[in-house]
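Novice: My structure is below; once you've seen it, I'll send some questions.
Numbering (my numbering), first residue to last: 150 to 354.
And the structure:
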């Protein structure tokens with residue numbers, strides 16, 4: 150009977166530990182900076198479909214449709230487009246610093262990938278605007294890091310040499326589609342992460 154009581158107490162303590170909010174040490178303007186980063190992320194996400202429509206002439210490549218996924222699996226492997234960093238909710242094992250560093254890394258990765266495909270396309274102006282949005286968001290995330298007493302990191306993005314594998318118009322179209330599709334998915338993850346961070350900051354203050 151005593152063993153059951155001890156086991157019950159241990160389970161209760163474990164549940165309290167898991168459900169306990171993560172404490173963050175933040176400056177007073179942190180929530181406002183996170184809110185601005187969220188707004189910039191929404192702006193970025195709103196522009197991706199327009200850029201896709203301007204740059205992708207192949208009607209079979211759509212941001213909304215997943216029907217072409219199997220057909221593109223081979224080209225996806227051949228093009229070897231680097232994947233976005235994976236983002237997770239803030240916890241004891243996935244800290245605020247890790248989350249913000251991964252966001253910065255992903256934003257810079259996509260700036261680089263867009264530059265690689267931009268050299269092969271006639272819609273360079275649209276992609277340049279998207280790159281500017283990525284830079285603005287990255288700069289704002291750096292401000293969020295500073296508000297959280299985190300030294301902004303400078304991710305070392307190695308050249309993917311993607312442009313050297315774009316040997317034809319179809320490959321260029323597919324690569325641009327995949328980069329924009331991945332950026333859209335990553336941007337949605339960034340927005341969710343920032344929303345979660347904003348909620349935690351409200352609890353901590």
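Beta carbons are placed, not taken as given, at the ideal position from N, Cα and C, and that holds for glycine.
Whose C-beta lies closer than 7 Å to the C-beta of residue 286 among residues of the same chain, with five residues either side of it excluded?
Specialist: For the purposes of this step, residue 286 is taken as residue 137 along the chain shown, with counting starting at 1. 186, 189, 190, 193 and 256.
Novice: Since residue 120 and residue 322 are thought to touch, with beta carbons under 8 Å apart, how far apart are those beta carbons, to the nearest angstrom?
Specialist: The requested residue 120 does not occur in the structure, where the chain is confined to residues 150 to 354.
Novice: On the criterion of 16 or more Cβ atoms from any shown chain inside 10 Å, does residue 277 qualify as buried, or is it exposed?
Specialist: The count along the chain shown starts at 1 and reaches residue 277 at position 128. Exposed: under 16 other Cβ atoms inside 10 Å.
Novice: According to DSSP, simplified to helix, strand and coil, what is residue 163?
Specialist: Within the chain shown, numbered from 1, the residue matching residue 163 stands at position 14. Here residue 163 scores only 45 on pLDDT, less than 50, and its place in the model should not be relied on; the value that follows carries that caveat. Residue 163: helix per DSSP, three-state reduction.
Novice: If you compare alpha carbons, which of 262, 346 and 326 is closest to residue 224?
Specialist: Within the chain shown, numbered from 1, the residue matching residue 224 stands at position 75. Among 262, 346 and 326, the Cα nearest to that of residue 224 belongs to 326.
Novice: What is the DSSP secondary structure of residue 175, reduced to helix, strand or coil?
Specialist: Looking up residue 175 in the chain shown gives position 26. Looking at residue 175 - three-state DSSP - the assignment turns out to be coil, as it is neither helix nor strand.
Novice: Of all the options 297, 292, 311 and 302, which has the alpha carbon lying nearest to the alpha carbon of residue 267?
Specialist: Along the chain shown, read from residue 1 onward, the residue named residue 267 stands at position 118. Selected option, being the one with the closest Cα: 311.
Novice: From residue 324 to residue 235, what does the alpha carbon distance come to, in whole angstroms?
Specialist: Your numbering for residue 324 matches position 175 in the chain shown. Your numbering for residue 235 matches position 86 in the chain shown. Those two C-alpha atoms are separated by around 20 Å.
Novice: Here's a check: name, in chain order, each residue in its chain whose Cβ is nearer than 8 Å to the Cβ of residue 340, leaving out the five neighbours to either side.
Specialist: As a working mapping, residue 340 is identified with position 191 in the chain shown. Close CB contacts of residue 340 within its chain, under the 8 Å cut and outside five residues either way in sequence, are with 187, 190, 191 and 194 (chain order).
Novice: Starting from the Cα of residue 261, find the closest Cα among 293, 346 and 233 and give me that residue.
Specialist: Here residue 261 corresponds to residue number 112 of the chain shown, with the count starting at 1. It is 233 whose Cα lies nearest to the Cα of residue 261.
Novice: Assign residue 176 to buried or exposed, taking buried as 16 or more other Cβ atoms, counted over all protein chains shown, within 10 Å of its Cβ.
Specialist: Locating residue 176 in the chain shown gives position 27, counting from the first residue. Label assigned to residue 176: exposed.
Novice: Short check: CB of residue 294 to CB of residue 258, under 9 Å?
Specialist: Stepping through the chain shown from its first residue, residue 294 is reached at position 145. Stepping through the chain shown from its first residue, residue 258 is reached at position 109. No, these two residues do not count as a Cβ contact at 9 Å.
Novice: Please return the same chain residues whose Cβ sits closer than 6 Å to the Cβ of residue 229, not counting the five positions on each side in sequence.
Specialist: As a working note, residue 229 is residue 80 in the chain shown. For residue 229, where only same-chain residues beyond five positions count, there are no Cβ hits under 6 Å.
Novice: Give me, in chain order, the residues of the same chain whose beta-carbon lies closer than 8 Å to that of residue 282; leave out the 5 immediate sequence neighbours on both sides.
Specialist: Position 133 of the chain shown, counted from the first residue, corresponds to residue 282. Answer for residue 282: 189, 192, 193 and 196, listed in chain order.
Novice: Which class does residue 298 belong to by DSSP, given the choice of helix, strand or coil?
Specialist: Stepping through the chain shown from its first residue, residue 298 is reached at position 149. Three-state DSSP puts residue 298 in coil, outside helix and strand.
Novice: Whole angstroms are fine: how far does the CA of residue 296 sit from the CA of residue 264?
Specialist: Along the chain shown, read from residue 1 onward, the residue named residue 264 stands at position 115. Along the chain shown, read from residue 1 onward, the residue named residue 296 stands at position 147. For residue 264 and residue 296, the distance between alpha carbons rounds to 30 Å.
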